[in-house]
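Novice: Dumping the structure here so I can ask a few things about it.
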Amino acid sequence: MSDYQYDNQTVKGFIVSSIFWGVVGILVGLWISVQMWKPEWNIPPFFTFGRMRVVHTNGLAFGLGIGAIFGMCYYIVMRLTKRPLLFPKLARFHLYLFNVAITLAAISLFAGMNQSLEYAELEWPLDIGVVILWVIFAINVFGTIIKRKEEQMYISLWYIIATVIAVAVLYIVNNLSIPAGLFKSYHLYAGVNSANVEWWYGHNAVGFIFTTPILAMFYYFLPKSTGIPIYSHRLSIIAFWSLVFAYLWTGAHHLVYTPLPDWIQTLGIVFTIFLIAPSWGSVINGYYTVGSDWSKMESNYLTKFFLLGITFYGLQTVQGPTQALRVVSQLIHYTDWVPGHVHMGTMGWVTMTTAASIYYVIPKIYNTEIYSVKIANTHFWLVLIGQLMFSITMWITGIQQGALWKATNPDGTLKYTFMEGLVKNYPYWQLRTVAGLIFTVGMLFFIYNVFMTMRKGNLAASRA
Amino acid sequence: MASELYKKPIMFAVVATVVILIGTIVTMFYPMLTPEMHPRLENLKPYTALQLAGKDIYQREGCNNCHTQTVRPLKTEVMRYGEYSKAGEFAYDRPFLWGSKRTGPDLARIGGKYPDTWHYSHFEKPQAFFAESNMPSYGWIKARKLDPEDIAAHMKALDLPFTPADITALGDKTEMDALVAYIQVIGTAVKKTVSVVQAGPKETHIANPLAGDPKAIALGKELYKTNCASCHGEDGKGGLAPSVVDNEFLYVAGDMPDDDYYEIINNGTQPGMVEDGRTAKGGMPPYAGALDKDKIWSLVAYIRSLKGN
Numbered sequence: 001m002s003d004y005q006y007d008n009q010t011v012k013g014f015i016v017s018s019i020f021w022g023v024v025g026i027l028v029g030l031w032i033s034v035q036m037w038k039p040e041w042n043i044p045p046f047f048t049f050g051r052m053r054v055v056h057t058n059g060l061a062f063g064l065g066i067g068a069i070f071g072m073c074y075y076i077v078m079r080l081t082k083r084p085l086l087f088p089k090l091a092r093f094h095l096y097l098f099n100v101a102i103t104l105a106a107i108s109l110f111a112g113m114n115q116s117l118e119y120a121e122l123e124w125p126l127d128i129g130v131v132i133l134w135v136i137f138a139i140n141v142f143g144t145i146i147k148r149k150e151e152q153m154y155i156s157l158w159y160i161i162a163t164v165i166a167v168a169v170l171y172i173v174n175n176l177s178i179p180a181g182l183f184k185s186y187h188l189y190a191g192v193n194s195a196n197v198e199w200w201y202g203h204n205a206v207g208f209i210f211t212t213p214i215l216a217m218f219y220y221f222l223p224k225s226t227g228i229p230i231y232s233h234r235l236s237i238i239a240f241w242s243l244v245f246a247y248l249w250t251g252a253h254h255l256v257y258t259p260l261p262d263w264i265q266t267l268g269i270v271f272t273i274f275l276i277a278p279s280w281g282s283v284i285n286g287y288y289t290v291g292s293d294w295s296k297m298e299s300n301y302l303t304k305f306f307l308l309g310i311t312f313y314g315l316q317t318v319q320g321p322t323q324a325l326r327v328v329s330q331l332i333h334y335t336d337w338v339p340g341h342v343h344m345g346t347m348g349w350v351t352m353t354t355a356a357s358i359y360y361v362i363p364k365i366y367n368t369e370i371y372s373v374k375i376a377n378t379h380f381w382l383v384l385i386g387q388l389m390f391s392i393t394m395w396i397t398g399i400q401q402g403a404l405w406k407a408t409n410p411d412g413t414l415k416y417t418f419m420e421g422l423v424k425n426y427p428y429w430q431l432r433t434v435a436g437l438i439f440t441v442g443m444l445f446f447i448y449n450v451f452m453t454m455r456k457g458n459l460a461a462s463r464a
Numbered sequence: 465m466a467s468e469l470y471k472k473p474i475m476f477a478v479v480a481t482v483v484i485l486i487g488t489i490v491t492m493f494y495p496m497l498t499p500e501m502h503p504r505l506e507n508l509k510p511y512t513a514l515q516l517a518g519k520d521i522y523q524r525e526g527c528n529n530c531h532t533q534t535v536r537p538l539k540t541e542v543m544r545y546g547e548y549s550k551a552g553e554f555a556y557d558r559p560f561l562w563g564s565k566r567t568g569p570d571l572a573r574i575g576g577k578y579p580d581t582w583h584y585s586h587f588e589k590p591q592a593f594f595a596e597s598n599m600p601s602y603g604w605i606k607a608r609k610l611d612p613e614d615i616a617a618h619m620k621a622l623d624l625p626f627t628p629a630d631i632t633a634l635g636d637k638t639e640m641d642a643l644v645a646y647i648q649v650i651g652t653a654v655k656k657t658v659s660v661v662q663a664g665p666k667e668t669h670i671a672n673p674l675a676g677d678p679k680a681i682a683l684g685k686e687l688y689k690t691n692c693a694s695c696h697g698e699d700g701k702g703g704l705a706p707s708v709v710d711n712e713f714l715y716v717a718g719d720m721p722d723d724d725y726y727e728i729i730n731n732g733t734q735p736g737m738v739e740d741g742r743t744a745k746g747g748m749p750p751y752a753g754a755l756d757k758d759k760i761w762s763l764v765a766y767i768r769s770l771k772g773n
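From first to last, the protein sequence lines stand for chains B and U. Going by this note's numbering, the first residue of the first sequence is number 1, and it counts up by one from there. Going by this note's numbering, the first residue of the second sequence is number 465, and it counts up by one from there.
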């Protein structure tokens, strides 16, 4: 009997931090959704759409997303290696540094320090901070895995290892820049080359922040909460390797019909289509796992979170490749369809799965039961309705925008001015704000439930 | 054998790295080594200090979150915005600013489309031009002076040519001056193509088919309010742009034939352009992409009705 205990404090710290930054990101999101149809809600210099949109995306991707990923990866790695983290104090320092970095990131973005690279907006001093954070994370994850007490590495560990490696490569390469002062730099790459590097990064940020670590959670927490083992180990092997291979080829689908050389665009489109297969490998694995005992959908409240999460992952990974096709891209690219697509992934897959994982972890580390299954169910339905309403309104208005931009008169002249097209978006943009509100209320139920569970439980180092 | 991989984390990490790097090398790293990723149009000029300062502000304010800067080679897109974007236009753009969302219109061909005065007023109050626009006001940057030292450092970092005099000249410029200077240079390395050239053959002037038609005049009045009034005045007596009712066109007294009106509205004016013996100073944007034939003829009919001839 080896004697070991898990440090749950750090895991809890990351969960609470990610919830905090999630609230900030969601509120900013609501605000900018109003700015879309009410320009008076822009309050210069700090609170204009152009500055706040990046606070929204960075706050949620890096604050909520990465915060939860750090916490959950530590939790999963400890359990799957059957030992505490190799450097528990370093992990605690990691938590503090993470919050300092996100705070500075938010302030700098409000102040307009912006590299203008989507999802890589932070200026170079903060980039260095992010790299340090990632190296600390990598040392602890790899160190703990190497010194593990369980010989076989479970699927989730593969996804975590891939995440650590890929994000490091992507982030460093795309953020190489020419500093022009403490708060200003210029991309090392220019023009078409800059575009190609940025979207190689940008799309794989989706792949290795919003996909692989979330799949790590899914593969770990779905069997844990249902008590059913993953349906097919072989399928998960095939899905894993083909996913991490294909993802890196696909960035150029963001640049269809731009001056980027055609062959890179085409290659990007082809691999994007291929990506349906490994994505659906995980979807099928998820469905067949629950498929061996559908009664879990009723008896275990978390099952539906995971299953709906993987469902939206499945829809996302069919819709995305469709959008990459030239014939579809020319209609929906640059329209509101795209935010509709993105939010199905982030609200439907990432947040749904992350919230379910948190519901699983918090009672575990607090030695208690969830405060209220009823509140969790209310949360489930509200975020589901909010997200569907969000995405569907954006898809409708996106197609409308694309069609109006293309419409011509019988004599071949354009039918609508840009303005005539824009005003037709207003009702949909207003509906989107309502959808966002519904989603936010759902998330408030979630947060209340988590904190009430923490209040009634007792956090201690544990062995399970 | 293969299952051993899942027991050896270091080996696993090495294999995963190789797998990740294949696509990276083929689609990102290899192209970087080829000249097709570093094209430059011959007449593309490096940014001046003032233009770069403007580009910095464009980035600071996140304009690229709502405006793209790339015209796709699609028929309607070229009609709406102008010549499609070329790879060689962006050699000085670090980073590229193509964007990914068009909440507002594309700006790849905005340079030279409107006069400076138009931009100053539009930044101040976009709703004065387009009542239902959702663009925020950027009037507040008029009050902010540029920091010449900062801009000199930025020019140096990018290795762009400048003289000390260029930097001193920035001293009395505002952020608004810089932003407008940047906007006016975007996309100007590509020669403007005019989408539809003439209403009819030059020798035989063609008359307005809708002249005097009350329905056309009513439509023209509506179109005038939304498209023209912000520059030419509600009553047509001028403002940012010259009067359209004083019987003086392109700075020469005397009326013009109907189809010359048509062409000016359709094609806009560029400095030095000659229309029916009159030389233009430029500044009128083309409406060929925005208004169809009937609408332009209706506008001509309305302007005629304002003049009473």
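Don't be surprised by glycine CBs; every beta carbon is placed ideally from N, CA and C.
Pairs of beta-carbons, one from the stretch 499-509 of chain U and one from the stretch 599-609 of chain U, closer than 8 Å: are there three or more?
Specialist: With a cut-off of 8 Å, the stretch 599-609 of chain U and the stretch 499-509 of chain U do not count as touching, because too few Cβ pairs lie within range.
Novice: Please list, in chain order, all residues of the same chain as threonine 632 of chain U whose beta carbon is under 8 Å from its beta carbon, the five residues on each side excluded.
Specialist: By 1-based counting over the second sequence, the position of residue 632 of chain U is 168. Cβ neighbours of threonine 632 of chain U beyond the five flanking positions: Pro612.
Novice: Where does phenylalanine 245 of chain B sit, in a helix, a strand or coil, going by DSSP?
Specialist: Position 245 of the first sequence, counted from the start, is the residue given in the question as residue 245 of chain B. It is helical.
Novice: Below 8 Å between beta carbons: does that hold for tyrosine 366 of chain B and asparagine 458 of chain B?
Specialist: One-based indexing of the first sequence puts residue 366 of chain B at position 366. One-based indexing of the first sequence puts residue 458 of chain B at position 458. Cβ atoms of tyrosine 366 of chain B and asparagine 458 of chain B: closer than 8 Å.
Novice: Going along the stretch 478-493 of chain U in order, which residues come within less than 8 Å of chain B, judged by CB to CB distance?
Specialist: Result list: Ala480, Thr481, Val483, Ile484, Leu485, Ile486, Gly487, Thr488, Val490, Thr491 and Met492.
Novice: Span of the beta strand (DSSP E) holding isoleucine 489 of chain U?
Specialist: The residue labelled residue 489 of chain U in the question sits at position 25 within the second sequence. From DSSP, isoleucine 489 of chain U is part of no beta strand (DSSP E); its letter is neither H nor E.
Novice: At least one CB of chain B closer than 8 Å to the CB of asparagine 731 of chain U: is that the case?
Specialist: Counting from one through the second sequence, the residue named residue 731 of chain U turns up at place 267. No, asparagine 731 of chain U does not count as interfacial toward chain B.
Novice: Identify the continuous beta strand (DSSP E) that holds histidine 696 of chain U and give its terminal residues.
Specialist: The residue given as residue 696 of chain U occupies position 232 in the second sequence. Where histidine 696 of chain U is concerned, there is no enclosing beta strand (DSSP E), although the alpha helix (DSSP H) it sits in stretches over 693-696.
Novice: Quick one: using the 10 Å Cβ neighbour count with 16 as the cut-off for buried, is valine 318 of chain B buried or exposed?
Specialist: Working through the first sequence from its first residue, we reach residue 318 of chain B at position 318. The residue in question, valine 318 of chain B, is exposed, as its Cβ has fewer than 16 Cβ neighbours within 10 Å.
Novice: Any beta carbon from chain U within less than 8 Å of glycine 398 of chain B's own beta carbon?
Specialist: In the first sequence, the residue the question calls residue 398 of chain B occupies position 398. Taking Cβ atoms only, chain U never reaches closer than 8 Å to glycine 398 of chain B, which makes this a no.
Novice: Interface residues of chain B around glutamine 523 of chain U at Cβ under 7 Å?
Specialist: For the purposes of this step, residue 523 of chain U is taken as residue 59 along the second sequence, with counting starting at 1. Simply Asn114 and Ser116.
Novice: Beta-carbon of leucine 248 of chain B versus every beta-carbon of chain U: anything under 8 Å?
Specialist: Along the first sequence, one-based indexing puts residue 248 of chain B at 248. Chain U, which has a Cβ nearer than 8 Å to the Cβ of leucine 248 of chain B, makes this yes.
Novice: Quick check: is any heavy atom of the ligand NAP less than 7 Å from the C-beta of tyrosine 360 of chain B?
Specialist: The model depicted lacks the ligand NAP and carries no ligand whatsoever.
Novice: How close, in whole Å, do the beta carbons of threonine 417 of chain B and alanine 754 of chain U come, if the pair is a contact with beta carbons under 8 Å?
Specialist: Counted from its first residue, the first sequence places residue 417 of chain B at position 417. Counted from its first residue, the second sequence places residue 754 of chain U at position 290. That belief holds up - the Cβ atoms of threonine 417 of chain B and alanine 754 of chain U are roughly 4 Å apart, short of 8 Å.
Novice: Determine, using beta carbons only, whether histidine 254 of chain B and tryptophan 337 of chain B come nearer to each other than 8 Å.
Specialist: What you label residue 254 of chain B is simply residue 254 of the first sequence in a count that begins at 1. What you label residue 337 of chain B is simply residue 337 of the first sequence in a count that begins at 1. Result no, Cβ atoms of histidine 254 of chain B and tryptophan 337 of chain B do not sit closer than 8 Å.
Novice: So that I know if they touch, is there some Cβ in chain C lying closer than 8 Å to that of lysine 655 of chain U?
Specialist: Absent here is chain C; the protein component of the structure consists of chains B and U.
Novice: At a Cβ threshold of 8 Å, is alanine 754 of chain U touching chain B?
Specialist: Here residue 754 of chain U refers to the residue found at position 290 of the second sequence. Yes, alanine 754 of chain U lies at the interface with chain B (some Cβ there is under 8 Å from its Cβ).
Novice: Give the range of the alpha helix (DSSP H) segment to which proline 223 of chain B is assigned.
Specialist: Counting from 1 along the first sequence, the entry for residue 223 of chain B is found at position 223. Taken as a continuous stretch (DSSP letters only), the alpha helix (DSSP H) holding proline 223 of chain B covers 212-226.
Novice: Residues in the stretch 500-533 of chain U with C-beta within 8 Å of chain B's C-beta atoms, listed in sequence order?
Specialist: Hits within the stretch, in order: Glu500, Met501, His502, Pro503, Asp520, Gln523, Arg524, Glu525, Gly526, Cys527, Asn528, Asn529, Cys530 and Thr532.
Novice: Measuring straight from C-alpha to C-alpha, what distance separates aspartate 756 of chain U and threonine 413 of chain B?
Specialist: Against the second sequence, residue 756 of chain U aligns to sequence position 292. Against the first sequence, residue 413 of chain B aligns to sequence position 413. Using only the alpha carbons, I get a separation of about 5 Å.
Novice: So, under 8 Å CB-CB, alanine 277 of chain B and serine 232 of chain B are touching, yes? Tell me the CB distance rounded to an integer number of Å.
Specialist: One-based indexing of the first sequence puts residue 277 of chain B at position 277. One-based indexing of the first sequence puts residue 232 of chain B at position 232. Not confirmed; about 14 Å, so no contact.
Novice: Would you decide whether aspartate 724 of chain U is buried or exposed? Buried here means 16 or more other CB atoms lie within 10 Å of its CB.
Specialist: Stepping through the second sequence from its first residue, residue 724 of chain U is reached at position 260. It counts as buried.
Novice: Please confirm if the stretch 480-496 of chain U is in contact with the stretch 139-151 of chain B, defined as three or more CB-CB distances below 8 Å between the two stretches.
Specialist: Taking 8 Å as the limit for Cβ pairs, the verdict is that the stretch 139-151 of chain B does not touch the stretch 480-496 of chain U.
Novice: Let me know the secondary structure DSSP gives valine 167 of chain B once reduced to three states.
Specialist: Here residue 167 of chain B is taken as the residue at index 167 of the first sequence, counted from 1. Helix.
Novice: Take isoleucine 165 of chain B as the anchor and find which of B:Tyr154, B:Leu122 and B:Thr212 has the nearest alpha-carbon.
Specialist: The residue labelled residue 165 of chain B in the question sits at position 165 within the first sequence. Looking at the Cα atoms, B:Thr212 is the closest of the given residues.
Novice: Taking only three categories from DSSP, how would you classify serine 2 of chain B?
Specialist: For the purposes of this step, residue 2 of chain B is identified with residue 2 of the first sequence, where counting begins at 1. Any reading at serine 2 of chain B is ruled out, since the residue's pLDDT is 46, under 50, leaving its predicted position unreliable.
Novice: Quick check: the Cα distance between leucine 384 of chain B and leucine 624 of chain U, rounded to an integer number of angstroms?
Specialist: Here the question's residue 384 of chain B lines up with position 384 in the first sequence. Here the question's residue 624 of chain U lines up with position 160 in the second sequence. Their backbone Cα atoms lie some 52 Å apart in a straight line.
Novice: Quick one: which chain B residues come within Cβ less than 9 Å of aspartate 614 of chain U?
Specialist: Against the second sequence, residue 614 of chain U aligns to sequence position 150. Ala180, Gly181 and Lys184, listed in chain order.
Novice: Does methionine 465 of chain U have its Cβ less than 8 Å from a Cβ in chain B?
Specialist: The residue given as residue 465 of chain U occupies position 1 in the second sequence. Only weak support exists for where methionine 465 of chain U lies, its pLDDT of 47 falling under 50; the coordinates are left without a value.
Novice: With 8 Å as the threshold, decide whether the Cβ of alanine 680 of chain U is near any Cβ in chain B.
Specialist: Against the second sequence, residue 680 of chain U aligns to sequence position 216. Closer than 8 Å: no.
Novice: Taking just the CA atoms, how far does methionine 640 of chain U sit from histidine 583 of chain U?
Specialist: In the second sequence, residue 583 of chain U corresponds to position 119, counting from 1. In the second sequence, residue 640 of chain U corresponds to position 176, counting from 1. Near 9 Å, if we compare the C-alpha coordinates of methionine 640 of chain U and histidine 583 of chain U.
Novice: Alpha carbon to alpha carbon, what distance is there between alanine 68 of chain B and tryptophan 134 of chain B?
Specialist: As a first step, residue 134 of chain B is located in the first sequence; it is residue number 134 there, counting from the start. As a first step, residue 68 of chain B is located in the first sequence; it is residue number 68 there, counting from the start. Straight-line Cα distance between these residues: approximately 14 Å.
Novice: Using the beta-carbon of each residue, which ones in chain B are nearer than 8 Å to serine 597 of chain U?
Specialist: Residue 597 of chain U sits at position 133 when you count from the first residue of the second sequence. The answer, in chain order, is Pro39, Met419 and Leu422.
Novice: Does leucine 331 of chain B come out as helix, strand or coil in the three-state DSSP assignment?
Specialist: In the first sequence, counting from the first residue as 1, residue 331 of chain B sits at position 331. Note: leucine 331 of chain B maps to helix in three-state DSSP.
Novice: Hey, glutamine 316 of chain B and tryptophan 349 of chain B are a contact pair by Cβ (cut 8 Å); roughly how many whole angstroms apart?
Specialist: Walking along the first sequence from the start, residue 316 of chain B turns up at place 316. Walking along the first sequence from the start, residue 349 of chain B turns up at place 349. The pair is a contact, with the Cβ atoms about 6 Å apart (cut-off 8 Å).
Novice: Find the nearest neighbour of phenylalanine 13 of chain B within the set B:Phe70, B:Thr258, B:Pro259 and B:Gln35, judged by alpha-carbon distance.
Specialist: Residue numbering aside, residue 13 of chain B sits at position 13 when the first sequence is read from its first letter. It should be noted that the sequence gives glycine, not phenylalanine, for residue 13 of chain B. Here the closest residue by C-alpha is B:Phe70.
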